[in-house]
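Asker:
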Amino acid sequence: MSSDDPTPEPPRPGRPSGSGPEEIPDWVRQLEREIRVGPAARLRIWLGRHARGLRLGVGAVLVLALLTYVGAAGYRHVRRPAAQPRAYPTVSPPAGIQATSAASAPPAAGPFDGTPAAAFPAGAAGITLPPAKATGGFTAKQVSAALTKIRTAMVTARLDRAFMSAKDRERLVRQFAPDERHYVREVLTDESFANVATRLAPGARLLPDEPRVKGRVTYRATRDDQGVRVLRVTTNFVWAYAFHGPRVVPGDGVVIVHDTLVWEVPHPSDVRSGARGLWLHDMGSYVANVDCAASDKGLLNVGTPREGTALATPEPDPDSLYDPDRSLDIPDTC
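Here it is as structure tokens:
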């Protein structure tokens, strides 16, 4: 007997049913009732049905475990410097002056910082001689020799620490012409000698820093009152000295000496041998930030500030005292 409605073919094992995953044929249920399935088989069946979801779940668990480990490792790394330090072998540094390397060494703070002297050359480098040229009967060689003698005398008088600390003036005196030495040695009193040279007061202590120096040297040929040809050299310099002592504001501990000296060197053909060499024609100076008691004796020491104002420093513009072009005519504040 035939029918117009075909009998549906039971789905083949291994091929998905068109009704979806939830529809299970009766013959499969019948088969499950007839066959006793053991625990191992049930596990394989469960794994087969949930394989994709299981893979995703295991992956998530592994990622979570990895993040947990990395996080814990990072925390240990961050906390490691705070752990109790452990002793390790060291060596003692050798004796002597040392320097420790640094990625970027900071500039050293100096006693002249904050003052105009910070931009001055150090020591004798601040004494620049003009070019020697033939003038007024003096040859270029004679001019050069005269300028060199004057520069040497200035270095001794203002920068030679051995001379500044000694009571003996002879190291400077013998640089003058023989006929001028009596005047320099005997006639110049201690106070007037300070116009020419620096001598330290007892107990005064300079820092190792070289004095800062700024000024100029000018020369010309002329004749003196007796008609003798002379090379007249004018030196105008500011000397800044750094002393030991407290520094509260810039310039504390810095003593300023500003001098203007007029030197003469006679033409060797116009004078006898005793008159050949250096002579002093004129001199003048001022000092600032000094100990007044020492200054009265022609000696140099740093003053003790009173209420933040340095001794022997006129107001209202102390920085102008560092200018070689400033007039020497200033009020005496000692």
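UniProt numbering puts the sequence shown at residues 1 to 334. Every residue gets a Cβ at the ideal spot worked out from N, C-alpha and C, and that includes glycine. All figures in this text were calculated on a predicted structure; none of them were measured in a lab.
1) Could you round the C-beta distance between V262 and T234 to whole angstroms and report it? I think they count as a contact, below 8 Å.
2) My parser needs the alpha helix (DSSP H) runs of 4 or more residues fully inside the region 143-181; what are they?
3) Within 10 angstroms of its Cβ, does K214 collect 16 or more other Cβ (buried), or is it exposed?
4) Roughly how many whole angstroms lie between the Cα atoms of V196 and G251?
5) Compare the C-alpha of S269 against each of V228, A294, G284 and K297 and name the closest.
6) Return the first residue and the last residue of the beta strand (DSSP E) that S285 is part of.
7) Answer with buried or exposed for H182, where buried requires no fewer than 16 other C-beta atoms within 10 angstroms of its C-beta.
8) Indicate whether the contact test is met: 3 or more Cβ pairs, each with one atom in the region 265-279 and one in the region 169-186, closer than 8 Å.
9) Let me make sure I understand the geometry here. Which of D319, A294 and P331 has the alpha-carbon closest to that of G203?
10) Assign P111 to buried or exposed, taking buried as 16 or more other Cβ atoms, counted over all protein chains shown, within 10 Å of its Cβ.
11) I need the DSSP call for V248, collapsed to helix, strand or coil.
12) Just how far apart, CA to CA, sit T148 and A201?
13) Tell me whether A221 sits in a helix, a strand or coil according to DSSP, three-state version.
14) Keeping to the same chain, check which residues put their C-beta closer than 6 Å to that of D282; ignore five residues upstream and five downstream.
15) From M164, E186 and T304, pick the residue whose C-alpha is nearest to that of V248; which is it?
16) Determine the burial state of R232: buried for a count of at least 16 other Cβ atoms within 10 Å of its Cβ, exposed for fewer.
17) Residues in its own chain within less than 7 Å of L299 by CB, not counting five upstream and five downstream?
18) Over what stretch of residues does the beta strand (DSSP E) that includes A240 continue unbroken?
19) For A194, which residues of its own chain have a beta-carbon under 6 Å away from its beta-carbon, when the five flanking residues on both sides are left out?
20) DSSP three-state label for A293, please.
21) Once the 5 residues before and after D329 are set aside, which same chain residues still bring their CB inside 6 Å of it?
22) Can you tell me which residues form a DSSP beta bridge with F193?
23) Secondary structure at E186, three-state DSSP: helix, strand or coil?
24) Which residues bound the beta strand (DSSP E) around D259?
25) Alpha carbon to alpha carbon, how far is Q142 from D317? Give it in angstroms, no decimals.
26) Roughly how many angstroms lie between the CA atoms of H244 and D160, to the nearest whole one?
27) If I'm right that A157 touches L172 with Cβ under 8 Å, what's the distance once you round it to whole angstroms?
28) Does residue 335 come out as helix, strand or coil in the three-state DSSP assignment?
29) So what's L207 in DSSP terms, helix, strand or just coil?
30) Quick one, are the C-beta atoms of G277 and T260 less than 8 Å apart?
31) Compare the beta carbon distance of V217 and L129 with 8 Å and say whether it is the shorter of the two.
32) Quick one: grab the DSSP three-state call for A275.
33) Using only the alpha-carbon positions, how far apart do D332 and Y286 sit?
34) When the Cα atoms are used, what is the spatial distance from A240 to D113?
Answerer: Here's the rundown:
1) 5 Å
2) 161-165 and 170-173
3) K214 comes out buried.
4) 23 Å
5) For S269, the nearest C-alpha among the options comes from V228.
6) Counting along the chain, the beta strand (DSSP E) containing S285 begins and ends at W279 to A288.
7) exposed
8) In this structure the region 265-279 touches the region 169-186; the number of beta carbon pairs closer than 8 Å is three or more.
9) A294
10) With a threshold of 16 other beta carbon atoms within 10 Å, P111 meets it and is buried.
11) coil
12) Between T148 and A201, the C-alpha separation is close to 29 Å.
13) strand
14) V262
15) T304
16) buried
17) Closer than 7 Å at Cβ, skipping near neighbours: R199, L200 and A201.
18) A240: member of the beta strand (DSSP E) spanning R229 to A242, first to last residue.
19) G298
20) helix
21) none
22) Answer is none; F193 lacks a bridge partner.
23) Helix at E186.
24) V254 to P266
25) D317 and Q142: Cα-Cα distance of roughly 42 Å.
26) 18 Å
27) 5 Å
28) The requested residue 335 is not part of the displayed model; the chain covers only 1 to 334.
29) coil
30) no
31) For V217 and L129, yes; Cβs fall inside 8 Å.
32) helix
33) 9 Å
34) 12 Å
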